[in-house]
């Protein structure tokens, strides 16, 4: 059986970076790393600058979120297209889904107190609807 912990862990880290920068609006790499080290997700290990830069590219590819740098002063990072996070698009939905997933995954100690509503429509109906749209068919 394949161990998917690494992949899930990376997505969790990407979402953590996005959420942290989004909440702070602008943040230096030093401040980001300090917050990272305070969080259990870091397992006490710094984010190497090169790793962070690689994550920025993956975050752009995966979520369409551009983490830019001021290029002067404190060289703080910010989300250049933060308005895209609040739009009702596919990438926004994907980002929000991962945020909810991360919040729940990081709340295992209180999982018995969290009740989620089962919504089957997504997994039951989404794929046939997408296929019909691609083929210009009416359902």
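Residue numbers (our numbering): 7 to 145.
Just so it is clear, CB atoms sit at the ideal spot from N, CA and C, and this is done for glycine as well.
- Separation of the CB atoms of residue 20 and residue 68 is rounded to 7 Å, and the pair is thereby assigned contact status at 8 Å.
- Contact check for residue 24 against residue 84 fails: the beta carbons are separated by 8 Å or more.
- A distance of 8 Å or more separates the beta carbons of residue 33 and residue 104.
- Distances from the alpha-carbon of residue 47 to those of 62, 22, 61, 73 put 22 closest.
- When only Cα atoms are considered, residue 145 and residue 75 end up about 46 Å apart.
- When DSSP states are grouped into helix, strand and coil, residue 81 belongs to the coil group.
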